[in-house]
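Structure first, then comments.
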Amino acid sequence: MSASTASTKPTSPVPFDEALTRYEPVLGLEVHVELGTESKMFCACPTAFGAEPNTQVCPVCLALPGTLPVINSIAVESIIRMGLALNCTIVEWCRMARKNYFYPDMPKNYQISQYDEPICVDGYLDVVVPLPDGEGTTTVRVGIERVHLEEDTGKLTHAGGATGRIHGADYSLVDYNRAGIPLVEIVTKPITDTGALAPAVAKAYVAELRDIMRGLGVSDVKMEEGSLRCDANVSLNRPGDEWGTRTETKNVNSLRSVERAVRSEIERQAGVLDAGGRITQETRHFHEDTGVTTPGRSKEQAEDYRYFPEPDLVPIAPDAAWVEQLRATIPEQPSIRRARLAQDWGIGAFEMESLVNAGVLQLVETSVEEGVEPDAARKWWAGELLRVANERGVEPQDLPVAPGDIKRVEELIAAGTINDKLARSVFDGIISGEGDADAVVAARGLTVVSDDSALLAAIEQALVDQPDVAEKIRGGKVAAAGAIVGAVMKATRGQADAGKVRTLLLDHLGVAEG
Ligand code: ADP
Ligand code: MG
Ligand code: ZN
């Protein structure tokens with residue numbers, strides 16, 4: 004440990020807004036994405052999550068003597084696509100590197116990674132960041148330093164102790180199923196000048212990165228399962244000074260925690276600096292329950308790893324034509340797509356966000372592409388269909404409802420054949436496998452009763468049934484009409500147009516609308 008430890012007395016954190024009046028934060032985000040390849044980085048072992056420990060291993064990923072790694076071409080293709088999506092330059096030639104260290108979760112006493120020759124360099128990502136108090140958004144360009152390929156480690160379980168940590172444990176178990184799964188690390192350039200927005204920028208960056216990776220189909224990017232993990236570097240400096248010493252908060256595993264970890268680290272560092280202390284360069288852990296970070300290990304310097312080019316693998320030299328082919332497969336950036344669709348559909352950022360959160364954006368987009376009106380597509384997918392999906396415990400996209408069904412339902416409503424209420428029953432029939440919209444309407448007898456004489460008969464019956472209400476309406480109490488309209492709707496099993504019933508009723512009694 005460095006000498007600064009001695010001078011670091013416990014200090015209390017400074018409230019966030021106050022800290023920002025004296026210090027400027029600098030951020031650096033390192034995101035690890037576990038690729039969704041079927042086999043591991045250097046062998047043919049499967050990568051599926053959740054298998055029995057040590058059942059997805061072989062001599063290569065266990066690093067038995069005499070074995071040699073062979074690189075996974077899908078992993079190389081995936082990282083090139085990731086680099087392109089992040090506006091990086093794909094280098095013409097690079098090598099893997101050996102990072103030497105020993106830890107029991109790693110069967111070799113080194114990790115095959117990349118060091119000074121990463122495959123993707125010098126990119127950027129434009130991130131839309133919400134301003135506090137709903138004052139709209141601002142776009143922040145985050146520079147990407149490099150995107151490189153490496154292999155994941157195994158997993159240790161410390162048993163017998165109260166905390167699950169190694170301290171106090173009776174014994175430890177190791178599972179090498181994850182050892183050798185391809186991992187991509189994305190490292191930002193230092194992110195400066197964000198001030199009080201720093202925590203929100205960190206969160207928005209990780210969220211956008213996650214959406215991009217999902218769109219590329221290279222990973223399932225589940226933070227809760229660890230297939231996307233973020234290390235957040237934070238430092239503070241006084242305005243005009245050089246950047247301060249950074250800490251690195253490791254393995255933050257939710258978007259909310261990324262924001263909270265950055266915020267609490269700013270508050271903590273400001274307390275140390277205010278008291279005249281120095282920040283130790285170290286890794287830290289974020290605790291979800293208390294919302295603060297605590298120290299991990301003091302950080303190794305790069306020379307401690309004794310990096311050298313991996314001698315067992317040939318260099319990677321992606322062909323320019325192949326890179327261009329891959330470039331053509333990169334989808335539109337999610338935030339740009341959302342802004343474009345919101346504009347096309349005439350909705351605001353808030354409505355767009357609720358479609359995204361409900362997980363129905365793609366469904367609405369597909370429906371609109373197939374000719375459904377944007378308002379109708381939004382109304383059904385974010386409303387009734389989402390409700391039914393939740394009720395049945397399925398994802399909305401797994402409901403057997405096609406854009407054509409929504410289109411037909413809307414046509415039937417426009418023609419006055421059914422109303423919104425009956426439309427819900429039509430969808431219920433479609434989802435229950437009773438056929439298409441027309442078949443359900445016919446089989447369930449779901450048409451609006453628009454035949455005036457049938458409606459009048461029902462109105463007269465209701466007036467007879469409720470003579471006191473009838474009297475009130477005749478006496479000019481139009482508000483009482485609701486009871487009769489309700490009775491008629493009930494008598495027609497909801498298949499009448501309530502507005503029309505009301506008009507017919509008032510005409511029939513010769514009372515003017517109040
Ligand atoms: P390490 O190997 O220590 O993880 P990396 O280079 O992989 O180092 O990542 C360091 C991260 O910290 C990068 O995102 C970098 O931009 C960022 N960074 C560098 N200097 C500072 C600083 N003074 N304050 C905050 N972040 C920094
Ligand atoms: Mg790093
Ligand atoms: Zn293997």
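Take the position in the sequence shown, starting the count at 1, then add 3; the result is the number in our numbering. Virtual Cβ for every residue (Gly too), placed ideally from N, Cα, C. Just so it is clear, the structure is predicted and the values come from calculations on it, not from any experiment.
The distance from the Cβ of L358 to that of V367 is about 6 Å, consistent with a contact at the 8 Å cut-off.
Secondary structure at T369: helix, using DSSP grouped into helix, strand and coil. One residue after another in chain order, those with a Cβ under 5 Å from a heavy atom of ligand 3 are C46, C48, C61, V63, C64.
Distance from V363 to W384 at the Cβ level is roughly 4 Å; contact confirmed, criterion being Cβ atoms closer than 8 Å. Of the heavy atoms belonging to ligand 1, at least one sits nearer than 7 Å to the Cβ of L32. Residue pairing by DSSP places T250 opposite V237 in a beta bridge. The C-alpha of D510 is placed about 18 Å away from the C-alpha of Q469. In this structure E291 is exposed. Its beta-carbon is surrounded by fewer than 16 other beta-carbon atoms within 10 angstroms. Of the residues E394, E228, F430, the one whose Cα lies closest to the Cα of K410 is F430. In the structure shown, R309 adopts coil according to DSSP, grouped into three states.
Annotation: the continuous beta strand (DSSP E) that includes E37 extends over 27-37.
Residue state for Y113 is assigned as strand, using DSSP reduced to three classes. Inclusion of S238 in the 7 Å shell around ligand 1 follows from its C-beta lying nearer than that to a non-hydrogen atom of the ligand. Per DSSP, the beta-bridge partners of N103 are Y113. For G485, the enclosing alpha helix (DSSP H) covers residues 484-494. About 7 Å separates the beta carbons of C123 and R149, which is inside the 8 Å limit, making them a contact pair. E211 is not a Cβ neighbour of D234, given a cutoff of 8 Å.
Ranking G489, L23, R287, H161 by CA distance to the CA of S301 puts R287 first. Taking a cut-off of 8 Å on C-beta distances, the region 270-281 does not touch the region 303-316, as fewer than three cross pairs fall below it. In this model, Q328 and E41 are separated by some 22 Å (Cα to Cα). Counting only residues of its own chain and dropping the five nearest sequence neighbours on each side, M355 has a CB closer than 6 Å to the CB of R341, A345. DSSP, read as helix, strand or coil, puts A162 in strand. Counting along the chain, the unbroken beta strand (DSSP E) around S175 starts and ends at 174-178. For G126, the enclosing beta strand (DSSP E) stretches over residues 123-133.
The continuous beta strand (DSSP E) containing T296 extends over residues 296-301. Taking all protein chains shown into account, P337 has 16 or more neighbouring C-beta atoms within 10 Å of its C-beta and is therefore buried.
Not one heavy atom of ligand 1 is found less than 7 Å from the C-beta of K225. In the three-state reduction of the DSSP assignment, G146 falls in the strand class, which pools E and B. Taking 7 Å as the cut-off, one finds no heavy atom of ligand 1 near enough to the beta carbon of E270.
Across the structure, M216 and R259 are spaced so that their CA atoms are roughly 19 Å apart. Assignment of V452 by DSSP, reduced to helix, strand and coil, places it in the strand class. The closest CA to that of I115, considering only L89, G294, G183, K158, is found on G183. Here Q117 is buried. Its C-beta has 16 or more other C-beta atoms within 10 Å. Around the beta carbon of L67, fewer than 16 other beta carbons lie within 10 angstroms, which makes this residue exposed. Annotated as distal: L134 and V145, with beta-carbon spacing of 8 Å or more. Within a 10 Å sphere around the beta-carbon of G86 sit 16 or more other beta-carbons, which makes this residue buried.
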